[in-house]
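The letter at position 96 of the sequence shown is residue 79 when you use the working numbering, and the numbering goes up by one with no holes. Here the structure comes first, spelled out in structure tokens, and everything after it is commentary.
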Amino acid sequence: MFGITPSARLRPSPFFDATVAEGVQSFTTYNNMMMPTGYGDPESEYWRLINGVSMWDVSVERQIELTGPDAGRLAQFLSPRDLTKCVEGQGKYVALCNHAGTLINDPILLKLSADRYWLSIADSNILFWARAIACERGLDVAVTEADVSPLAVQGPKAEDVIASIFGDWVRDLKYFWFSETEVAGIPVAVARSGWSKQGGFEIYLMDGKKGTALWNLVKEAGAPYEIGPGNPNACERIESGLLSWGGDTDDATNPYEVRLGPFVDLDVPDDVVGIKALRSIKAAGPKRQQLGAVLESDVPTALPSRWFDITAGGEKIGDLTNCVWSYRLKRNIGFALVSAQLQPGAEVVVHKDGAAVPAVLCKLPFI
């Protein structure tokens, strides 16, 4: 068992005290913050998400705010997805790339107004990146980290919980759309989004001093639906084929290798960062692809902390980037970042923890 050494560089979230009161057992680090990863019963937490409703502290999804006359221009420079039709109250999944077309983050972009945007980021420092691009282009825009902290409510009963708090209007929210509001004097934005395929919402808390109050309010409203604490669930997200930037990507991964091609619009202007490289990558064809892998072993595996080699015919053809025991499939499954020449159904070998484990490649998602 390892502990986390306290540091002023590692910030607690506005919901930290509430998660401690709930009995949180483990954390990971993400965007220089601590994110809860478990409350002591992984299988029960999984089934709560699949069958009921779960609440998660995901304040580590920091909001990089772009404000000013050129906020929209900067948002488009950063994103290879066409934002010209994005309207206030709408969010879009975007694949941020560097000049070489390498994926450096995959945030949700939220348009609050013509001169105000949020980038709800994965685990890399987009604050520095956005500031550098803004300065490079001479834009009239402020780039800051907003006092905004998401609380996720996920699962098939999530909509009923959120509607009981905010009203039935939330049932009409389309996926990735959001609306600013307040509850009990707490300013929030409510979005239909979240890192699961079970349906749900994210409540963007806009006052970090009121984290415990918001947590307890959601907990009370969810009590009739047997809500409980959880976290972005590794088993569910792998079964559902959800990408984890930095976990399933390396320093050379481009969007086409990890199924993000549909979120790249090659006809955006030439001054969008990375678009010229992405056009070349698309024309040549990606060298790797992301597939699923079903391992032969029936013994449940622990989550790995590193990638594992995948071979075929004695030659390395890629890597297993994650692996988890699937409670629904009763198999160890994971994502394979492998040669684009392979096809689903190919038999391979995963070299995991000193053992050579047979596996079969498949399309994603698993479920």
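We treat Cβ as the ideally placed atom computed from N, Cα and C, and that holds for glycine. These numbers come from a predicted model, not from an experiment.
Bridge partner(s) assigned by DSSP for residue i
{"i": "isoleucine 316", "result": "Val277, Val307"}
{"i": "leucine 110", "result": "Paired residue(s): none; leucine 110 is not in a bridge."}
{"i": "glutamine 324", "result": "According to DSSP, glutamine 324 bridges with nothing at all."}
{"i": "valine 343", "result": "Val277, Glu330"}
{"i": "aspartate 292", "result": "Asp302, His334"}
{"i": "arginine 271", "result": "Ser322"}
{"i": "leucine 79", "result": "Asn88"}
{"i": "lysine 94", "result": "Gln73, Tyr100"}
Supposed close pair residue i, residue j - CB separation, criterion 8 Å
{"i": "leucine 134", "j": "isoleucine 87", "result": "Leucine 134 to isoleucine 87, Cβ: 26 Å. No contact."}
{"i": "glutamate 128", "j": "glutamine 46", "result": "7 Å"}
{"i": "valine 136", "j": "glycine 183", "result": "5 Å"}
{"i": "arginine 262", "j": "alanine 323", "result": "Actually they are not in contact, since the Cβ atoms of arginine 262 and alanine 323 sit about 18 Å apart, beyond 8 Å."}
{"i": "cysteine 69", "j": "proline 238", "result": "Rounded, the Cβ-Cβ distance is 18 Å, inconsistent with contact."}
Reduced DSSP category for residue i - H, G, I as helix; E, B as strand; rest coil
{"i": "glycine 244", "result": "helix"}
{"i": "alanine 105", "result": "coil"}
{"i": "cysteine 69", "result": "coil"}
{"i": "lysine 265", "result": "helix"}
{"i": "alanine 338", "result": "strand"}
{"i": "isoleucine 87", "result": "strand"}
Residue from the options with nearest C-alpha to residue i
{"i": "asparagine 14", "options": "Ser107, Ser(-4), Ala338, Gly296", "result": "Ser107"}
{"i": "alanine 1", "options": "Leu93, Trp178, Asn199", "result": "Asn199"}
{"i": "glycine 297", "options": "Lys265, Leu278, Val331, Val282", "result": "Val331"}
{"i": "glycine 51", "options": "Val282, Ser322, Asp98, Gln59", "result": "Asp98"}
{"i": "serine 223", "options": "Gly317, Val333, Val251", "result": "Gly317"}
{"i": "alanine 105", "options": "Tyr22, Tyr208, Asp231, Gly84", "result": "Asp231"}
{"i": "alanine 285", "options": "Ser263, Arg314, Ala146, Ile258", "result": "Arg314"}
{"i": "glycine 194", "options": "Asp248, Ile210, Ala167", "result": "Ala167"}
{"i": "tyrosine 22", "options": "Gly213, Val340, Asn305, Asp234", "result": "Gly213"}
{"i": "leucine 61", "options": "Asp40, Trp39, Ile91", "result": "Ile91"}
{"i": "serine 179", "options": "Thr(-12), Ile109, Tyr29", "result": "Tyr29"}
{"i": "lysine 202", "options": "Leu225, Glu5, Ser(-4)", "result": "Glu5"}
{"i": "glycine -14", "options": "Thr11, Arg(-8), Ser(-4), Pro(-3)", "result": "Thr11"}
* Any alpha helix (DSSP H) of 4 or more consecutive residues that is wholly inside the segment -2 to 61 -> -1 to 4, 25 to 34, 54 to 61
* Tell me the start and end of each unbroken beta strand (DSSP E) in the segment 118 to 201 that is at least 3 residues and wholly inside, in chain order. => 125 to 128, 132 to 137, 161 to 166, 169 to 174, 183 to 188
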